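Protein chains in written order, with this note's numbering: chain A, 1 to 140; chain B, 1001 to 1140.
For each residue, glycine too, the CB sits at the ideal point set by N, CA and C.
In this text the structure is predicted, and so the values were computed from the model without any measurement.
2 protein chains.
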Amino acid sequence: MSATNMPDFELHPQLAADTLPVCSLPLCEVLLLNDANYPWLVLVPARANLRDFHDLSSDDMVTAGREISRASEALVGLLAPDKINVAALGNMVPQLHIHVIARFTDDAAWPSPIWGVVPAQEYESSALDTWLADLRRAFG
Amino acid sequence: MSATNMPDFELHPQLAADTLPVCSLPLCEVLLLNDANYPWLVLVPARANLRDFHDLSSDDMVTAGREISRASEALVGLLAPDKINVAALGNMVPQLHIHVIARFTDDAAWPSPIWGVVPAQEYESSALDTWLADLRRAFG
C-alpha cells in the first residue's frame, strides 16, 4: 500500500496549493515546494490526524527516517548541495509535514534557515517539468 | 553504553558554549540551549563525523527517532506547549545536532521558526537550576 491509498488521509489544502506531487513512498507523499529559490521537498506521512513528529507510531517513525534519507539522498545525488536541512515545524500548517531542503552556501538565505527570508518564486513551467522528471527518476 | 562514552566523539565547542548538559541517552547527548526565550533542547548523536541526518546508520536513525520523541514528550509533559518544532539544520555548526523546541502561540517568534528572531537571553542562575532539575527528572 502506498501513501496515496491510506484511508482517512487528506493532504492539507495549503500544502496542496503550495506544492507539486513528486511521488508516493510507503509512508509519505513527496511534494515539491513551488519555490525556485531552493530545492525544497516536503514529506507528508499519509496518516490522519498527525501534528507533531512524535505523533508517529514507532514503526512509522522508522519508515519516516528511511524516507527522509531517501529524499535527502535524492537531492544530494541530483545537486550535490552543501547541506541538507530537515525540519518538522508546522506552526502555520498543522498537518505533520517534514521539510527536506538542499542548501547551498550561495543560496538566498544561507546560512540562515530559509523560512521568511525571500518571497517564494514559482518555477517556470518548463524548468518545473524537467525538475519533477529528474526528481521522480531519483526516487526510482 | 551511553552517549558520553562513545569513542571519538567530541561535542563541537560552539554547542558546548551555547548549552548546558541535561543527560546522556543511548545515542544522543541532550543539551539545553541557554536561551530563556524558548524551551529549547538540542540532541547531539554521539558519533564522530556526522553532518546530516541521513549520515546516521539505519540503527542509529531508529534510536534518534526514539530519542527525539523522548525529548518532545519531556517538554510536552512539563510545559504543555502548543507545538513541538524539530529540526536538523546545521548551516552554522557542522556537527549533526537536532533541535527540539517547545513552541507557544505567545512566544517571541510565533508562528515563525525561532532562529534569528530575537537575541538569545541567558537564563538566570536559579531558574536554570530548577529547569535543569525538572528536565533531568522528566528524562528519568
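Helix, strand or coil at residue i according to DSSP, with G and I counted as helix
i, result
"I1114 (chain B)", "coil"
"A1138 (chain B)", "helix"
"V1088 (chain B)", "Per the sequence shown, the amino acid found at residue 1088 (chain B) is Ala instead of Val. Here A1088 (chain B) sits in strand by DSSP."
"L15 (chain A)", "helix"
"A1036 (chain B)", "coil"
"G31 (chain A)", "It should be noted that the sequence gives Leu, not Gly, for residue 31 (chain A). Strand at L31 (chain A)."
"L1020 (chain B)", "strand"
"A120 (chain A)", "coil"
"L96 (chain A)", "coil"
"L25 (chain A)", "coil"
"A1108 (chain B)", "coil"
CA nearest to the CA of residue i, picked from the options
i, options, result
"V100 (chain A)", "A:A48, A:L132, A:L41, A:W131", "A:L41"
"R1051 (chain B)", "A:T105, A:L32, A:I84, A:S57", "A:I84"
"F1053 (chain B)", "A:A80, A:P7, A:A71", "A:A71"
"I1068 (chain B)", "A:D134, A:A87, A:A74", "A:A87"
"L953 (chain B)", "B:R1136, B:E1010, B:P1021, B:T1019", "The structure shown does not extend to residue 953 (chain B), since chain B spans only 1001 to 1140, so no value can be given for it."
"P1094 (chain B)", "B:W1115, B:V1044, B:P1021", "B:V1044"
"L1015 (chain B)", "B:P1026, B:P1007, B:L1025, B:D1035", "B:D1035"
"A133 (chain A)", "A:V76, A:H12, A:P21, A:S57", "A:P21"
"P1013 (chain B)", "B:E1122, B:M1061, B:I1114, B:L1031", "B:L1031"
"Y123 (chain A)", "A:L27, A:T19, A:M61", "A:T19"
"H97 (chain A)", "A:P7, A:L56, A:M6, A:P39", "A:L56"
"N49 (chain A)", "A:P7, A:L33, A:P39", "A:P7"
"Q121 (chain A)", "A:P113, A:L27, A:P39", "A:P39"
"S58 (chain A)", "A:L33, A:W131, A:L27", "A:L27"
"L25 (chain A)", "A:A17, A:D60, A:L33", "A:D60"
Assumed close pair residue i, residue j - CB separation to whole angstroms, cut-off 8 Å
i, j, result
"P111 (chain A)", "N1091 (chain B)", "4 Å"
"F104 (chain A)", "C23 (chain A)", "Actually they are not in contact, since the Cβ atoms of F104 (chain A) and C23 (chain A) sit about 24 Å apart, beyond 8 Å."
"F1009 (chain B)", "R1047 (chain B)", "6 Å"
"V118 (chain A)", "A109 (chain A)", "7 Å"
"P1081 (chain B)", "A1102 (chain B)", "4 Å"
Open item on the list: Short of 7 Å Cβ to Cβ, which residues in the segment 29-58 of chain A face chain B?
Closed with: Within the segment 29-58 of chain A, the residues whose Cβ lies closer than 7 Å to any Cβ of chain B are, in chain order, D52, F53, H54.
TODO: With 9 Å as the C-beta to C-beta threshold (strictly closer), list the residues of the segment 1056-1082 of chain B near chain A in chain order.
DONE: Within the segment 1056-1082 of chain B, the residues whose Cβ lies closer than 9 Å to some Cβ of chain A are L1056, S1058, M1061, V1062, A1064, G1065, R1066, I1068, S1069, R1070, A1071, S1072, E1073, V1076, D1082, listed in chain order.
Open item on the list: Counting only Cβ-Cβ distances shorter than 7 Å, please list the residues of the segment 1089-1102 of chain B near chain A, keeping chain order.
Closed with: Cβ contacts with chain A: L1089, G1090, N1091, M1092.
- [ ] Ignoring anything shorter than 4 residues or poking outside the segment 45-82 of chain A, list the alpha helix (DSSP H) runs there in chain order.
- [x] You should have 58-79.
Open item on the list: Short of 8 Å Cβ to Cβ, which residues in the segment 101-133 of chain A face chain B?
Closed with: Under the 8 Å Cβ criterion, the segment 101-133 of chain A contributes R103, W110, P111, S112, P113, W115, G116.
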